[in-house]
Amino acid sequence: MKIIKLDSSVYNKISAGEVVERPSSVVKELVENAIDAGATAVEISLVNAGLDEIKVLDNGSGIDEEDLKTAFLPHATSKIRSAEDLNEINTLGFRGEALPSIASVSMVEMRSKTQASEMGHFLKLRAGSVTEEGVTAMNRGTEITVSNLFFNTPARLKFLKTPSGELSEVKACVMKLIFANPRVAFRLSDEKGLIYSSDGKGLGEAIKGIFSEDIWQNLLPLDFEKSGIHVTGYASRSTFFKMNRTYQISVINGRVSENQSITSAISTVYQQYLMKRNYPVTVLNITIAPSELDVNVHPTKAEVRFSDGNKVFSAVYHAIKNAVEKDIEERKILFDTLQDDAEQVVERIPPITAEQDSFTASNHLIFDSAPRKEIPSFDFFTSHTEEMHEESEITRSVKEHLKKKYSFSESEVQQEMQETASLYRVIGQVFGTYLLLEYNEKFIIVDQHAAVERLRYDKLLAAYEKGAISVQPLLIPHVLEVTPSEYAIVENKIDALRSLGIELVPFGADSFKLQSVPDILSDMDVSALIKYILSDRAESEDTIIRERLAYAACRSSIKGNTYLTDDQIAELMNVYFKQGLPVQCPHGRPAYYVYTKRDLEKLFKRIV
Ligand SMILES: Nc1ncnc2c1ncn2[C@@H]1O[C@H](COP(=O)(O)OP(=O)(O)OP(=O)(O)O)[C@@H](O)[C@H]1O
Ligand SMILES: [Mg+2]
């Protein structure tokens with residue numbers, strides 16, 4: 001068949017197929033045009049979820065009369081001039097395709113007025129051809145009405161969802177546009193009334209207006225800059241999550257976009273706090289030099305590429321991690337340390353009497369005031385009962401401290417310890433699993449397993465991150481055979497794997513020799529593990545190690561359903577005393593609940 005150049009009405013329809021998928025894509029393109037025109041207020045109204053009509057009104061610059069028609073020509077844009085401009089895009093649009101694409105599959109009316117012009121002008125188009133034009137009275141800005149979307153492409157209509165399905169697409173899209181432009185006032189409404197509004201007073205206000213109060217209460221503010229990348233916005237607490245990713249919004253240089261480096265940075269931070277298929281809420285606003293960003297990846301510009309994805313990963317990772325860790329530290333129940341209180345306590349306590357002394361010896365105190373040499377103790381990190389012949393490390397270190405700092409005698413130290421211990425009280429244990437404590441006018445229920453497991457995990461992780469994991473050389477090196485494409489992957493990952501304690505060296509053309517593995521992996525089929533790391537299914541090798549650490553922490557920590565003696569509870573309290581009561585276990589389950597007196601009074605309807 002002869003080759004011909006397609007008519008513009010044909011290729012506009014083709015590119016409409018890429019850019020205009022459904023009402024929400026029309027809304028996105030029109031709102032982005034309004035933002036590019038410098039609008040500070042944008043009003044979106046829908047009829048039948050936008051299937052019948054979408055109207056977008058803005059107070060931006062407007063379009064000159066002579067440009068009105070040009071705007072609907074393919075590849076007509078006011079935003080770039082040359083190919084070089086593609087390297088530094090500062091506007092949302094630049095392809096000059098949206099309006100001709102939308103117009104080719106609908107009926108459009110565009111009304112616009114610039115500051116300089118006395119009157120506004122309008123243009124009506126049907127399937128891309130102008131049907132009417134004229135003069136109209138209006139304020140500065142542009143109003144564009146798109147009706148009967150896909151009226152001339154019945155195949156497209158069939159792929160649309162129900163009106164309520166399309167409406168939720170539009171809502172999701174507008175929500176993101178609002179978060180991307182928090183200084184612009186928005187209104188979204190349909191024939192039933194107002195759906196969203198935001199007053200343009202900043203991101204916090206926009207989020208409060210759109211997300212539920214519950215979400216807002218669980219968001220942490222972010223502000224972090226690293227190697228020219230500035231990350232601001234909000235990320236949820238380690239204990240808060242949703243069941244899908246719709247609450248993860250990333251705005252890059254003002255554009256709502258997705259990017260793999262960002263998504264994986266988010267999941268890397270939260271993997272140690274949330275269970276699988278639980279997703280945090282994140283609204284990230286990332287700014288980066290436009291030259292480091294390629295937005296011209298896809299016609300809808302929904303995805304961007306960075307010239308250095310690792311830099312972006314690192315900036316996002318640290319921005320969120322810092323905020324989340326700070327929050328966890330703040331929420332950890334830190335039992336008052338002796339060091340801080342020592343001076344005041346000394347002044348308060350009267351000399352101890354013999355009677356008191358015998359009382360405290362049998363009391364459920366945190367510190368072992370009586371000699372404990374014969375009492376079998378419990379190592380909570382191993383869940384095996386072991387003979388313990390010495391007082392706990394914390395008790396000893398605090399005693400040392402007191403002796404040194406205040407030149408206390410042994411008996412003064414004893415008094416001091418008892419006084420501080422009585423700042424909180426162990427009520428007991430229920431169901432062999434939960435410890436009940438009273439501390440600082442609060443009633444605390446601790447999951448004994450979750451709390452210890454977390455502390456254990458943090459320790460293992462810290463050792464691992466410092467590179468202090470112990471590695472076992474294999475007596476008989478294991479030979480790992482790989483395919484040519486796997487060979488390349490292994491070569492790439494050799495350094496990363498070595499830092500995890502997995503040492504591989506090339507061995508012939510199609511295999512590697514495995515020389516050592518970290519202790520925590522030694523009971524696994526390591527070659528299967530490496531095959532898994534090489535497969536597409538694998539999360540990063542780091543994730544695998546973390547999971548192993550969590551598993552190791554879980555196995556070696558005191559279990560639920562284990563009845564403890566008072567001494568064992570006291571010993572466990574020493575652990576919390578020293579390290580703080582963690583917020584949650586490595587799998588994301590909560591480690592404690594706190595009730596105030598007021599909470600209980602409410603429960604018993606003493607107050608309302
Ligand atoms: N609301 C508006 N206010 C002012 N000018 C507008 C508005 N909408 C469109 N225009 C003008 O019409 C031109 C064409 O718009 P269109 O959306 O088709 O292309 P673009 O925004 O330049 O690129 P892209 O296809 O990437 O969106 C724009 O470059 C702009 O000059
Ligand atoms: Mg545009």
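Counting with my numbering, you get residues 1 to 608 for the letters of the sequence shown.
All C-beta atoms, glycine included, are put in the ideal place defined by N, C-alpha and C.
CB of residue i to nearest heavy atom of ligand 1: below 7 Å?
i	result
F94	yes
L99	yes
T77	yes
D308	no
D294	no
S61	yes
A49	no
A71	yes
T232	no
A509	no
A609	Lying outside 1 to 608, the shown extent of the chain, residue 609 is not represented and no answer is given.
D525	no
T142	yes
D58	yes
Would you mind working out which of the options sits nearest residue i, comparing C-alpha positions?
i	options	result
G428	K326, A451, I569	I569
P582	T543, A468, E325	E325
E613	A315, M119, V174, S82	There is simply no residue 613 to check, as the chain begins at 1 and stops at 608 in what is shown.
S9	V105, A41, I3	V105
F335	Y593, F604, K578	K578
A302	C173, K124, Y273, S470	C173
S129	G141, M110, Q115	M110
D458	E547, Y234, T91	E547
L30	N48, K2, L6, A103	A103
D52	I530, D190, D36	D190
Q217	D223, R237, S557, D199	R237
L68	V312, E133, R95, I44	E133
R498	N59, S470, N278, V482	S470
F507	E438, I252, V490	V490
A553	Y464, N139, K321	Y464
G309	N278, I262, P280	I262
Q271	I288, T239, V297, E43	T239
I545	D327, I558, D566, V517	V517
Is residue i near ligand 2, judged by its Cβ being under 7 Å from some heavy atom?
i	result
A302	no
E29	yes
E21	no
E18	no
E32	yes
According to DSSP, is residue i part of a helix, a strand, or is it coil?
i	result
Q248	strand
D599	helix
I3	coil
S238	coil
G228	coil
E438	strand
E387	Residue placement at E387 is poorly supported in this model, since its pLDDT is 33, which falls under 50; the coordinates still yield a value, given next. In this structure, E387 counts as coil in the three-state DSSP scheme.
T433	coil
K79	coil
D223	strand
T353	For T353, the predicted structure reports a pLDDT of 35, less than 50, and the residue's modelled location is therefore unreliable. A value from the coordinates is still provided. The answer is coil: DSSP assigns T353 none of H, G, I, E or B.
S369	Note on S369: pLDDT 33, under 50, position unreliable in the model; no value is reported.
N322	helix
L157	helix
I195	strand
E547	helix
T40	coil
G96	coil
Apply the 10 Å Cβ neighbour rule to residue i and answer buried if 16 or more other Cβ atoms are within range, or exposed otherwise.
i	result
T282	buried
V479	exposed
Y595	exposed
H587	buried
V608	exposed
E32	buried
P100	buried
Y593	exposed
N561	exposed
H449	buried
R606	exposed
G93	buried
Can you tell me whether residue i sits near ligand 4, meaning its C-beta is under 7 Å from at least one heavy atom of the ligand?
i	result
T483	In terms of ligand content, the structure shown lacks ligand 4 and carries ligand 1 and ligand 2 instead.
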